[in-house]
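To convert, take the position in the sequence shown, counting from 1, and add 580; that gives this note's numbering.
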Amino acid sequence: MKKVLLMVCLTVLVTNLQAQKKKKVTERFPAKLETYIDFDKGSSYYTKEGLNKLDSIYMIAFDKENKRFYKMTITGYDDGEEITEQNSSLARDRAVMVFKYFSSREETEYIIKRTPSYKVSSCIGTEEYYIKYKMPFDFKWVNLANADKSDLPEDIDCRGKVYIVVEEDEEDCLGKFYDYDFPSKDTLLKGQFTKVTIPKGYINFVHHTKDTLAYEHTIEFKDVMLFDELADNYFLVPHNKQYILNAGYIVIKPSIKPDYNTCVGKDTIQPLIDVQVFLDPNQRNSGLKFFGKTYKPNGEVVYKAISTKKIKNKEADEMWIQCFITPFQFDTIFVGKKIEEKEMGDYFYPGRSEEPGSFECMDGWLKCYKLDKSGKYIIKDKMQGILRRFKK
581 MKKVLLMVCL TVLVTNLQAQ KKKKVTERFP AKLETYIDFD KGSSYYTKEG LNKLDSIYMI
641 AFDKENKRFY KMTITGYDDG EEITEQNSSL ARDRAVMVFK YFSSREETEY IIKRTPSYKV
701 SSCIGTEEYY IKYKMPFDFK WVNLANADKS DLPEDIDCRG KVYIVVEEDE EDCLGKFYDY
761 DFPSKDTLLK GQFTKVTIPK GYINFVHHTK DTLAYEHTIE FKDVMLFDEL ADNYFLVPHN
821 KQYILNAGYI VIKPSIKPDY NTCVGKDTIQ PLIDVQVFLD PNQRNSGLKF FGKTYKPNGE
881 VVYKAISTKK IKNKEADEMW IQCFITPFQF DTIFVGKKIE EKEMGDYFYP GRSEEPGSFE
941 CMDGWLKCYK LDKSGKYIIK DKMQGILRRF KK
C-alpha cells in the first residue's frame with residue numbers, strides 16, 4: 581500500500597511542478613523517488629501510462645535545479661507465466677527498455693545527469709558549474725514463475741512491470757569509477773631538491789569534487805639545481821638594474837594559469853603556495869634567497885627577492901629555505917643572490933663569445949667555470965658557496 585501511495589504522490593508532484601518552484605530544494609526534489617512502469621502483456625514496450633511515469637521521474641530527478649546526486653536501480657519483471665523460449669528474456673528486455681529511455685535523453689550509452697554546483701577561481705571568484713556524471717545504476721530482472729516469493733513486495737502485483745528507484749548517493753556518484761575521486765589533500769609537487777605545496781582549492785576547484793585543481797588541470801614541474809645543469813648554459817636572473825646570481829631554479833607550469841592583468845581579485849590573493857629547497861652544506865651560509873615575478877602597474881614583469889626563511893632539522897643535519905608565492909609567480913622561481921657589479925669578478929671568469937658556457941654581461945662575456953688540463957670544472961670559491969656540486 582505504501583508504494584501505491586508513493587506512486588500517487590509522484591504524479592501529484594509532477595502535475596504541480598510549477599507550484600513547487602517556490603518551495604525549498606529538499607521539498608521539491610526528494611532524496612528518493614520510486615515507481616512502477618507498466619507494460620502490455622507479452623510486450624517489452626511500456627504503455628502510455630508507463631511513459632508518463634518515466635517522464636515524471638525524469639522531470640524531477642534530472643531537473644537542472646536539482647542539486648541532489650542520484651543513483652538508479654532498475655528491476656524488470658515478466659508476466660509470471662511459465663518460462664518458454666519466447667518469453668525467457670522478457671523481464672530483462674523490459675528493464676533494458678527503461679534504461680534506454682533515460683540514456684536516450686542524452687543520446688549516450690549511459691544515464692547522464694548534470695547536477696548544479698559551483699567552481700571557484702583565484703581570479704574570477706565563484707561561478708556556477710554543472711557536474712556532469714554517469715549515474716550509477718543497478719540493473720536486474722526477475723522471472724516471477726521461479727522467484728522466491730519472500731523477495732517480492734507483498735502489496736504490489738509485479739507482473740508486467742519495471743520497478744525504478746532513484747535515490748541520493750553522493751559518495752557513489754562522485755566516486756573513483758566516475759572520474760571524480762580527487763585527492764582530498766593539498767597538491768604536492770616534488771623535484772630532486774625541491775617541494776612545492778599548493779593548498780587545496782587555492783588556484784581553482786570544483787565544489788563537490790575532492791580536488792585541489794579542476795580535474796582538467798595539469799602541472800609540469802622540474803627543478804634545475806645541480807652545478808653541471810647550470811654551468812653549461814649559465815645565465816643571471818633577469819633584471820634590468822641589478823645583478824642577481826642564479827644558483828638554481830624551479831619551473832612550475834600549470835595548464836591553466838591566472839592572468840595578472842585581467843584578474844579581478846588579484847589584490848586579495850595571498851601568497852599561500854609553499855616552496856622549499858634543500859641546501860647543500862656549502863650553501864647554508866651563502867645568503868641564498870628566492871626570486872620570483874612581481875608586476876609593475878603597467879603589467880611589466882620584474883624578478884625581485886621573495887621573503888625567504890631557513891628551516892633547520894638538527895637531527896638530520898639538514899637545512900631548507902622556504903618562501904610563499906602566488907599563482908602569478910609561476911612559471912619560474914629562482915634561487916639566487918644579489919651582488920654588486922664590483923663583485924662579479926669574485927664569482928666569474930672572463931669569457932669569450934665563442935667559448936662554451938660563456939654568457940654576455942657588463943658589455944662583455946663571462947663564464948662561471950674554466951677547465952683544467954683533464955677537463956675538470958674549476959670554479960671560484962664564492963661561486964662554490966652558492967652552487968650545488970653534489971646530489972642529495
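Positions of the beta carbon are idealized from the N, C-alpha and C atoms, including for glycine.
Worksheet entry | Rounded distance between the beta-carbons of ARG685 and TYR638, thought under 8 Å | Their Cβ separation, rounded to whole angstroms, is 7 Å, which keeps TYR638 and ARG685 in contact under 8 Å.
Discussion item. For the structure I just gave you, are there three or more beta carbon pairs, one from the stretch 863-881 and one from the stretch 938-954, closer than 8 Å?
Written reply: The answer is no - the stretch 938-954 does not touch the stretch 863-881, with fewer than three Cβ pairs under 8 Å.
Discussion item. Can you give me the C-alpha to C-alpha distance between PHE649 and PHE679, rounded to a whole angstrom?
Written reply: If you take the alpha carbons of PHE649 and PHE679, they lie about 18 Å apart.
Worksheet item: For PRO936, is the classification buried or exposed, using 16 other Cβ atoms within 10 angstroms of its Cβ as the cut-off for buried?
Response: So PRO936 ends up on the exposed side.
Worksheet item: In angstroms, rounded to a whole number, what distance separates the CA positions of GLN902 and ALA675?
Response: Going by the C-alpha atoms only, they are around 60 Å apart.
Worksheet entry | Paired residues, beta bridge with PHE871 - DSSP | Per DSSP, ALA885, PHE914.
Practice prompt. In angstroms with no decimal places, state the Cα-to-Cα distance between ALA531 and VAL746.
Written response: Outside the displayed range of the chain (581 to 972) lies residue 531, so it cannot be described from this structure.
Worksheet entry | Range of the contiguous beta strand (DSSP E) that encloses ASN826 | Here the beta strand (DSSP E) through ASN826 covers 823-834.
Discussion item. Could you give the first and the last residue of the continuous beta strand (DSSP E) run that contains GLY944?
Written reply: Segment 944-947, the beta strand (DSSP E) holding GLY944.
Discussion item. So the candidates are VAL817, PRO818, THR798, ILE830; which of them puts its Cα closest to the Cα of LEU806?
Written reply: When each option's Cα is compared against that of LEU806, the closest is ILE830.
Discussion item. So, with DSSP's three-state summary, where would you put PRO696?
Written reply: In the structure shown, PRO696 sits in a strand (DSSP, three-state: E or B).
Fill in: Residue from GLU748, LEU754, SER697, PHE773 with nearest C-alpha to ASP860
Nearest C-alpha to ASP860: PHE773.
Worksheet item: In the stretch 603-670, which residue ranges form an unbroken alpha helix (DSSP H) of at least 4 residues, counting only runs that do not cross its ends?
Response: If we require 4 residues or more, the alpha helix (DSSP H) runs fully inside the stretch 603-670 come out as 605-608, 628-641.
Discussion item. Does the CB of LYS833 have a neighbour CB from chain B at under 8 Å?
Written reply: Any reference to chain B falls outside this structure, which holds one protein chain only.
Discussion item. Within the continuous beta strand (DSSP E) that includes MET805, where are the two ends?
Written reply: Segment: none, MET805 is in no beta strand (DSSP E) and carries neither H nor E.
Worksheet item: Grouping DSSP H, G and I as helix and E and B as strand, with all else coil, what is TYR713?
Response: Strand, per DSSP.
Discussion item. Considering only their Cβ atoms, is the gap separating ILE711 from SER697 smaller than 8 Å?
Written reply: Their beta carbons are under 8 Å apart, which means SER697 touches ILE711 by this criterion.
Item to complete: Report the three-state DSSP secondary structure of PHE815 (helix, strand or coil).
Response: It is coil, neither helix nor strand.
Discussion item. Looking at THR655: is its Cβ nearer than 8 Å to the Cβ of TRP721?
Written reply: Going by C-beta atoms, THR655 is nearer than 8 Å to TRP721.
Discussion item. Comparing C-alpha positions only, which one of PHE928, HIS819, LYS780 sits nearest to LYS554?
Written reply: Only positions 581 to 972 of the chain appear in the structure, and residue 554 is not among them; the question remains open.
Practice prompt. Taking all protein chains shown into account, decide if ARG968 is buried (16 or more other Cβ within 10 angstroms of its Cβ) or exposed.
Written response: ARG968 counts as buried, since no fewer than 16 other beta carbons sit within 10 angstroms of its beta carbon.
Item to complete: Decide if VAL592 is buried, meaning its Cβ has at least 16 other Cβ atoms within 10 Å, or exposed.
Response: Interpretation of VAL592 is limited by its pLDDT of 37, a score under 50 that renders its predicted location unreliable; the figure taken from the coordinates is listed afterwards. VAL592 comes out exposed.
Fill in: Top-ranked residue by Cα proximity to ILE824, from ARG672, SER668, CYS941, LYS889
Selected option, being the one with the closest Cα: CYS941.
Discussion item. Taking the alpha helix (DSSP H) that GLU940 belongs to, which residues open and close that run?
Written reply: Taken as a continuous stretch (DSSP letters only), GLU940 belongs to no alpha helix (DSSP H), being part of the beta strand (DSSP E) at 939-941.
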